[in-house]
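A.B. asks:
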Amino acid sequence: MIETRRCIIRKFHLSDVDDLYKVLSNPEVMKFVEPPFTYAETNNFIIQYGLCENPLVWALELKENGSVVGHVIFHQYDTGKYEIGWIISDRLWGGGIASEVTKQLIKFAQQNSDISSLVLECDPNHEVTKHIAIKYGFKLIKENERNVYELHL
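Residue numbers for the sequence shown follow numbering that gives the first Met the number 0, so the first one is 0 and each next one is one higher.
Encoded structure:
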């Protein structure tokens, strides 16, 4: 579990499906990711990627009310490299949550000697993600249908 000022990044529970569905079914939220999820796809996503032995995604919970407002990507990408990312409810956009999450993931990774760098992938048209990557010192290392940024720790 990782905490930010306003959020808790924790392992998923099956009971998170309703909250996460509200986020992943929203076409605006999913615009730069993939088509919006159905309820069944959201449930399967939690099972397959959040409840596996080494989760690829983590629930993003608001401390103020315990609701899941998205998910955080944090998993091994390659030897010594971890991928980070996030999908957050549009009702929280512009409030600094993605920046807060990124800052804490970097801090967590810096405290783990097995992690030498962080990788962040995004659609080349997703300006907010590109801005956050650059703000925290990530460098563009690959440009195509998905831009790849890397931060050496």
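Cβ coordinates follow ideal geometry from the N, Cα and C atoms, glycine included.
No experiment lies behind these values; they were computed from the predicted model shown.
#1: What are the start and end residues of the beta strand (DSSP E) that includes His130?
#2: Quick one: what does DSSP say Arg5 is sitting in, helix, strand or coil?
#3: Can you tell me which of Ala108, Gly84, Val118 puts its alpha carbon nearest to the alpha carbon of His164?
#4: Would a C-beta distance cut-off of 8 Å place Gln103 and Ile7 closer than the cut-off?
#5: Using only the alpha-carbon positions, how far apart do Asn25 and Leu91 sit?
#6: Taking one C-beta from the region 43-63 and one from the region 7-17 each time, how about it: are there three or more such pairs within less than 8 Å?
#7: Please say whether Tyr81 and Leu117 have beta carbons closer to each other than 8 Å?
#8: Which residue wins for smallest C-alpha separation from Ser114, given the options Asn124, Gly65, Gln75, Val67?
#9: Is it true that the CB of Val28 sits closer than 8 Å to the CB of Asp89?
#10: Are Leu119 and Phe137 touching if we call contact CB-CB under 8 Å?
#11: What separation, rounded to the nearest whole angstrom, lies between the Cα atoms of Val127 and Tyr48?
#12: Identify every residue that forms a DSSP beta bridge with Ile86.
#13: Bridge partners of Trp92, per DSSP?
#14: Apply the 10 Å Cβ neighbour rule to Tyr38 and answer buried if 16 or more other Cβ atoms are within range, or exposed otherwise.
C.D. replies: Well, looking at it:
#1: Here His130 belongs to no beta strand (DSSP E); instead the alpha helix (DSSP H) covers 126-134.
#2: coil
#3: Nothing in the structure corresponds to residue 164, since the chain is present only between 0 and 152.
#4: no
#5: 13 Å
#6: yes
#7: yes
#8: Note that residue 114 is Ile in the sequence shown here, rather than Ser. Residue Gln75 is the option with its Cα nearest to Ile114.
#9: yes
#10: yes
#11: 25 Å
#12: His70
#13: Per DSSP, none; premise fails for Trp92.
#14: exposed
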